[in-house]
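Novice:
Residue numbers (mature numbering (1 follows the signal peptide of the UniProt record, and there is no 0)): -21 to -1, 1 to 313.
#1: For residue 57, which option in 4, 46, 74 has the closest C-alpha, if you only look at C-alpha atoms?
#2: Return the first residue and the last residue of the alpha helix (DSSP H) that residue 271 is part of.
#3: Note down the Cα distance separating residue 139 from residue 223, rounded to an integer number of angstroms.
#4: Suppose the cutoff is 6 Å on Cβ atoms and the five residues either side in sequence are ignored; what does the same chain contact list for residue 179 look like?
#5: In the DSSP output, what is residue 131 paired with across the bridge?
#6: Can you check which of these residues, 81, 110, 7, 254, is closest to residue 161 by C-alpha distance?
#7: Could you tell me the alpha carbon to alpha carbon distance between residue 183 and residue 291, rounded to whole angstroms?
#8: In angstroms, rounded to a whole number, what distance separates the CA positions of residue 238 and residue 232?
#9: What is the DSSP secondary structure of residue 100, reduced to helix, strand or coil?
#10: Out of 235, 100, 270, state which residue places its alpha-carbon closest to the alpha-carbon of residue 40.
#11: Quick check on DSSP: helix, strand or coil for residue 179?
#12: So what does residue 7 bridge to, in DSSP terms?
#13: With three or more beta-carbon pairs closer than 8 Å as the criterion, would you say the region 60 to 70 touches the region 200 to 218?
#14: So for residue 30, helix, strand or coil by DSSP?
#15: Residue 285 and residue 262 look like a contact to me (Cβ under 8 Å); what is the Cβ gap, rounded to whole Å?
#16: Tell me whether the region 104 to 112 and the region 84 to 96 touch, counting them as touching only if at least three CB pairs, one residue from each stretch, are closer than 8 Å.
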């Protein structure tokens, strides 16, 4: 009798969209199937969906296995591109389309190398930009941060996938997302910066979306540009030059300064210079804040998304700014 009651309770939880298993081992996530409901915690099905979206270049931003605004926007973009109802909700029909994009496992094993652990690392990075300028480099803080960014995941999720791992020994086998996106599309006709949706879209000549990335775009105080621009150049591993005329909130010095290169630099790992002076599309040292906060005028992506975008564009690529932004909930600099 007790056994029958337990079985019934489990069936009732599934029928009511109750909590799903939070097991994140290789087989559970790779074999995850669609199930109705909106889980509150990290979920194998959501994790699989995020990785598949990332691969298809409908970026959910930081992969964390949870429901989020960026995940909903990526899902809605994928739905619209595939002729589905674009409500940003994971449905059975959307799941079928999404899983049809790739038959490869979403989680794979990865052996930690000595290069992963070697650094150099910048273990302490001050919050104030003036103090950042005193550092020789703005590298990753440690191997965990470096590996998490390589596989587009939060550090918390990487730990959950690898309980007990110290991330300090070469030869250690980790479970990680396979986020290989393949070769970048060659037929890029332009970039669309949607300030209202906080998205950057890459278009072909027919207007088809080749890639969609979440973005932090301007603010009321420092709005992003309007109209059109062009890509001037792509700078990888850029330094950051602060001009006092920018008058960023929290920067007290009246003198210009330069912050050394590195993925934790204020503009991240890539700067895509635009024809509008002092504006660009760039990376971020805080991928978890992309799309949920605002910037001081520029267009900010995760480092891996701006690296992907940088591989597609060239001098002369058109950039169109559309719509207006909503009132900011927070701000980032620059």
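Backbone N, C-alpha and C define an ideal beta-carbon position, used for all residues, glycine too.
Here the structure is a predicted model, which is why all the values come from computation and not from measurement.
Specialist: Reading off the structure:
#1: Position 78 of the chain shown, counted from the first residue, corresponds to residue 57. Residue 74 is the option with its Cα nearest to residue 57.
#2: Indexing the chain shown from 1 puts residue 271 at position 292. Where residue 271 is concerned, there is no enclosing alpha helix (DSSP H), given that its DSSP letter is neither H nor E.
#3: One-based indexing of the chain shown puts residue 139 at position 160. One-based indexing of the chain shown puts residue 223 at position 244. Going by the C-alpha atoms only, they are around 43 Å apart.
#4: Your numbering for residue 179 matches position 200 in the chain shown. Taking residue 179 as the centre and dropping the five residues before and after it, the same chain places the C-beta of 172, 192, 194 closer than 6 Å to its C-beta, in chain order.
#5: Translated into the one-based positions of the chain shown, residue 131 becomes position 152. In the DSSP output, where bridge partners are listed per residue, residue 131 has none listed.
#6: Within the chain shown, the letter at position 182 stands for residue 161. Of 81, 110, 7, 254, the smallest CA-CA separation from residue 161 is found for 81.
#7: For this step, residue 183 is matched to residue 204 along the chain shown. For this step, residue 291 is matched to residue 312 along the chain shown. Between residue 183 and residue 291, the C-alpha separation is close to 11 Å.
#8: Along the chain shown, one-based indexing puts residue 238 at 259. Along the chain shown, one-based indexing puts residue 232 at 253. A straight-line Cα-Cα distance of about 14 Å links residue 238 and residue 232.
#9: Here residue 100 refers to the residue found at position 121 when the chain shown is read from its first residue. Residue state, collapsed to three classes: coil.
#10: Indexing the chain shown from 1 puts residue 40 at position 61. The option with the nearest alpha carbon to residue 40 is 270.
#11: Numbered from 1 along the chain shown, position 200 holds the residue referred to as residue 179. In this structure, DSSP gives residue 179 an extended state, which the three-state scheme calls strand.
#12: Within the chain shown, numbered from 1, the residue matching residue 7 stands at position 28. For residue 7, which the question treats as bridged, DSSP gives no partner whatsoever.
#13: No, the region 60 to 70 does not touch the region 200 to 218.
#14: For this step, residue 30 is matched to residue 51 along the chain shown. The answer is helix: DSSP assigns residue 30 an H, G or I state.
#15: Here residue 285 refers to the residue found at position 306 of the chain shown. Here residue 262 refers to the residue found at position 283 of the chain shown. At roughly 4 Å, the Cβ-Cβ gap stays under 8 Å, so residue 285 and residue 262 are in contact.
#16: No: the two stretches stay apart, fewer than three of their Cβ pairs being nearer than 8 Å.
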